[in-house]
Amino acid sequence: MNYEVSIGLEVHVELLTKSKLFCGCSTRFGASPNSQTCPVCLGLPGVLPVINKKAVEYTLSTALALNCKASNFSRFARKNYYYPDLPKNYQISQYEEPLARQGYLEFELEGKLRKVEIERVHLEEDAGKLIHGEATENIEEKDMSFVDYNRTGIPLMEIVTFPVISSPEEAYQYLVNLKKIPKYLKVSDCNMEEGSLRCDANISLAPKGEKRGTKAELKNMNSFKEIREGLTSEIKRQSHLLDKGKRIIQETRLWDNKKKKTYPMRSKEWAHDYRYFPEPDLLPLEIEEKWIEELKAKLPELPQTRCQRFIREYSLPPYDAGVLTDSKELADYFEECLKSFPQPKQVSNWIMGEFLRLLKEENITVEEVKVSPTQLGKLLKYLKKGTISGKLAKVIFEEMFKTGRKAKEIIKLQGLKQITNEKSLRKVIDEVLEQTPQAVSDFKKGKGKALGYLVGEVMKKTKGKANPGLVNKLLKEKLSIL
Amino acid sequence: MKLHELSAHRLHKLIKNREVSVEEIVISLFQRIEKVEEKVKAFLFLYKKEALEEARKWDKRISQGEDIGPLSGIPIAIKDNICLDKKETTCASRILKEFYPPYAATAIERLKKAGVIFIGKTNMDEFAMGSSTENSAFQITRNPWNLETIPGGSSGGSAVAVASGEVPLALGSDTGGSIRQPAALCGVVGLKPTYGRVSRYGLVAFASSLDQIGPVTKTVRDSANLLQVISGKDEFDSTSLDYSVPDYSESLISELKGIRIGLPKEYFIPGIEEEVKKKILTATKVLQDLGARVEEVSLPHTEYAVATYYLVATAEASSNLARYDGVGYGYRTKEKTNLIDMYKKSRQQGFGDEVKRRIMLGTYVLSKGYYENYYGKAQRVRTLIKEDLDKVFQDFDAVITPTSPTVAFKVGEKIDDPLKMYLSDIFTISANLAGIPGISILCGFNKDNLPIGLQILGKAFDEETVLRIAYAYEQNTEWHKRRAEI
Ligand SMILES: [Zn+2]
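Same order as they appear, the protein sequences are chains W and Y.
Residues 0 to 481 in numbering that gives the first Met the number 0 are what the first sequence lists, from first letter to last.
Residues 0 to 485 in numbering that gives the first Met the number 0 are what the second sequence lists, from first letter to last.
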């Protein structure tokens, strides 16, 4: 049978604040265990949290970018549960009064505009990390577990959708597009490998037209691809049960990426009553309308809008516009480049081709690229004027990319300037014709291929510096009078 | 008069006039401690060696002509739920035995700047939960006025240390009356400041929305001076408020012209001891004679205060005390076991009965399906109690009540009857729920020579009026001059 699928996603994004949410400890990733802790994030007796305003600002900005309504009154709440990575045995989170509610994210799916409604955006502290003894060398520590509190207290922004997503592919595209927003705002690097973006899902099936069925929660998916796979597998499992007239149990299931299927979490592990109540150690946040307006005004052009503008303003194919606006840095680079070389499609081709290829090869970010957009523009100008050939331009660009030197410098230094002087080219042509009588007679016999061969020979002799168009023209002239 | 009988203010004058050295004071106090501590057991920890070293440092500085403030070189005792850096801070609980905080409470930092000398940490009810100091995991503290009786609680150790002449000053903490009630039962001055007046940073939390640190002293002037030092906004406590701190010594005026005082009729309930009631009414006359206008007022929601308090306080406590789990610090069961059992056994063995009782009550109060009926409702009643007081404060500058319905009771008398014990705080709890300041001063003795306390409540951030009334009363009566004989 065919079922209607309802998927909701809960995305946790680690914010790029310099210090933790409630203390002054650094948030740097990868420091040695427990080196970035203090009495506050260790939950020692008698200490108190103090809110990091930057984290509130980052969350509000993201929420506004997601078209949410920012709350004028917001409050933190304690979520109580026991776990060794949680030193206070409660997490300071938000419950009834999140920072923002009721937004949406629009993106394109199979050529149509989709709108996924967002229920809430709130701020909370992250927990620590458990390291289990099996991983250690020391035999005495084999059956012990260790806690690293460096991550404890790092600000986490939680973005929760309504259960309105109707397919795994839509969930995937939502995540791809959502991820761009915090990155555009520079509030998170959304790196799933380092755990700065995590996602849980809930999913329910119901026969068409009927009300939503019982949902299952899905956890332990470590990439967007795994989320898509997990959801697909869960749809299969649930529809199989429903087909047989069985009921779905409300439960939390874990994705096993090796076996490519979900299995239920032991119910004891998650049967929590979190006993939420307002955090008495923090005053409620009263957020002034003025601040919200300021944050709104400071929002950059967002990926979806920018993509549409690129299509409209630069007549780019939607695919190009999508790739270019994938990150703010790349889009900025593109537009900066246009200032010195206003040929959108050509610039786009270069960025999508050579630029991205080298970026991947060198494994660096756009911000780390040594070639300024103006320099790329200049290179393209030389190409257009015919100072260099297309093939050479690529060689020069790679050199620029690796060394950061200017196009002009490389051309001059390596004598790469294209030979456009007819006199010197005629001289080379004469030499080539003299050395290849066979090709000349082939040409006379009407073998068109011979001309290509001759052009190639001239190019070889000039080490590729000759202007191929000009060589072609001069060769034809010469051959016709032979 | 002997040095240990003097107030901090008198000691300050003697030091300033070079009539006595700080070292002499500290030596004399430790002699007193050696004599009486065996009987009263007010202290959990004593720092004799360091105190003497500090004293000699002060004497040197004074001899070099350094200017001294009112608390320079003055000895003080600290309740054991306030963190003193690198000093064992147990909250009188097995679960925190051998816990040494690497930081000091903000109040302690401010005291250090003022130049006090730390004498030791005082006994208390475990995690400040109790009204008799019998809930300490380590020892029972006795009331110096009658060693058969309890000193009140939970800051019993601090009140006794001051009342027995072991120290002139002490810090306590007050969540539902834990400074004022023992002060009343021991015949000393105990002040609970407005919520947000003194930073809670470094005070081990019992109920975050109610806890305040405050002074326990022999005189009102000492209370004002000590409050002066510990008050003010602290960037490490978001709930400490940015109200300017006035010069409290200026409010020490010994007349009360123009002061309007309310006497709430709901506080003279059956169950209040006749002698307590009589003494309060006598005190009222004294205040009137000093120029105050005293009128009966009504605080209609008073009868719900105890119930409200035990829902709010236990709910917060159940969460605040969750961190004592044997993982990072504190007591961990010696039994080799799995994670869940480690949690259970460590807490089972580490906490005392009263603490467990409150954790269970608080956990229940916050549970799904009960939250609205208990915690939610309690918060609404809390608002009503606050509104009662706000209304009275529109027409009155202060409210006076007995501090405790009874004088000190016998050791063991109420320990097995928690509900009876909870009623000890019936008159003090409203101030915590409403966040307003309150002081308890001595206003007489019963026929068995046990002290009776008068409570004065004021508007939020108006400790000045509270101090003024207390001072005027004290200056015009002789009670505060009596000392317990042990
Ligand atoms: Zn920290």
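Note that beta-carbon positions come from the ideal geometry of N, C-alpha and C, so glycine has one too.
Where residue i meets chain Y, residues with beta-carbon distance less than 7 Å
| i | result |
| --- | --- |
| W:R77 | S318 |
Beta-carbon neighbours of residue i, restricted to chain W and to distances below 7 Å
| i | result |
| --- | --- |
| Y:C442 | What Y:C442 touches in chain W: nothing, since even the nearest Cβ is about 34 Å away. |
| Y:P101 | P38 |
| Y:R199 | L47 |
| Y:D236 | L47 |
| Y:Y342 | Y81 |
Nearest-angstrom beta carbon gap, residue j and residue i [assumed within contact, 8 Å]
| i | j | result |
| --- | --- | --- |
| W:I428 | W:K477 | 6 Å |
| W:E118 | W:F161 | 5 Å |
| Y:G152 | Y:S131 | 5 Å |
| W:V49 | Y:E108 | Wrong, their Cβ atoms sit about 16 Å apart, outside the cutoff. |
| Y:N431 | Y:T174 | 6 Å |
| Y:L453 | Y:S439 | 7 Å |
Partners in chain Y for residue i, counting only beta-carbon separations shorter than 8 Å
| i | result |
| --- | --- |
| W:L122 | Neighbours of W:L122 on chain Y: none; closest Cβ ~15 Å, over 8 Å. |
| W:I153 | What W:I153 touches in chain Y: nothing, since even the nearest Cβ is about 18 Å away. |
| W:D272 | S366, K367 |
Spatially closest choice to residue i from the options, by CA coordinates
| i | options | result |
| --- | --- | --- |
| W:K369 | W:S388, W:E353, W:T402, W:K393 | W:T402 |
| Y:Y102 | W:G451, W:P38, W:K359 | W:P38 |
| W:T251 | W:K243, W:K258, W:M264 | W:M264 |
| W:L474 | W:G445, W:V439, W:K185 | W:V439 |
| Y:I258 | Y:Q138, Y:A397, Y:I81 | Y:A397 |
| W:C40 | W:L59, W:K111, W:R150 | W:R150 |
| Y:H300 | Y:I178, Y:P263, Y:T402, Y:V293 | Y:P263 |
| Y:D415 | Y:S6, Y:E294, Y:E133, Y:V311 | Y:E133 |
| W:K87 | Y:Q454, Y:Y308, Y:E315, Y:K446 | Y:E315 |
| Y:K59 | Y:S423, Y:D424, Y:V19, Y:L441 | Y:V19 |
| Y:V203 | Y:L449, Y:K413, Y:L83, Y:F460 | Y:L83 |
| Y:V166 | Y:L2, Y:S429, Y:Y303 | Y:L2 |
| Y:L320 | Y:A127, Y:K12, Y:K111 | Y:A127 |
| Y:N445 | Y:I279, Y:I229, Y:Y308, Y:A377 | Y:I279 |
| Y:L255 | Y:R17, Y:V35, Y:A469 | Y:A469 |
| Y:R322 | Y:R196, Y:I94, Y:I73 | Y:I94 |
Contact with chain Y by residue i, beta-carbon distance below 8 Å
| i | result |
| --- | --- |
| W:G42 | yes |
| W:K128 | no |
| W:Y94 | no |
| W:N33 | no |
| W:P279 | yes |
| W:N88 | yes |
| W:R150 | no |
| W:F499 | Residue 499 of chain W cannot be examined here, being either before or after the span of chain W that is shown, 0 to 481. |
| W:L379 | no |
| W:L282 | yes |
Under 8 Å from the C-beta of residue i: neighbouring residues of chain W
| i | result |
| --- | --- |
| Y:R356 | Correct list: empty, because the minimum Cβ distance to chain W is about 18 Å. |
| Y:T362 | R274 |
| Y:L202 | G45 |
| Y:L310 | Correct list: empty, because the minimum Cβ distance to chain W is about 11 Å. |
Residues that residue i contacts on chain Y, provided the C-beta gap is smaller than 9 Å
| i | result |
| --- | --- |
| W:I286 | Within 9 Å Cβ-Cβ: nothing; W:I286 doesn't reach chain Y, min ~15 Å. |
| W:T50 | The sequence shown places Ile at residue 50 of chain W, rather than the Thr named in the question. Result: S237. |
Short CB-CB distance (under 8 Å) between residue i and chain W
| i | result |
| --- | --- |
| Y:Y373 | no |
| Y:K333 | no |
| Y:E87 | no |
| Y:E315 | yes |
| Y:T336 | no |
| Y:R379 | no |
| Y:Y328 | yes |
| Y:D58 | no |
| Y:C82 | yes |
| Y:R9 | no |
| Y:D324 | yes |
| Y:L453 | no |
| Y:S208 | yes |
| Y:L280 | no |
| Y:A321 | yes |
Subject >> Chain-ordered residues, beta carbon under 6 Å from a heavy atom of ligand 1 >> reply: W:K19, W:C22, W:C24, W:T36, W:C37, W:V39, W:C40, W:G152
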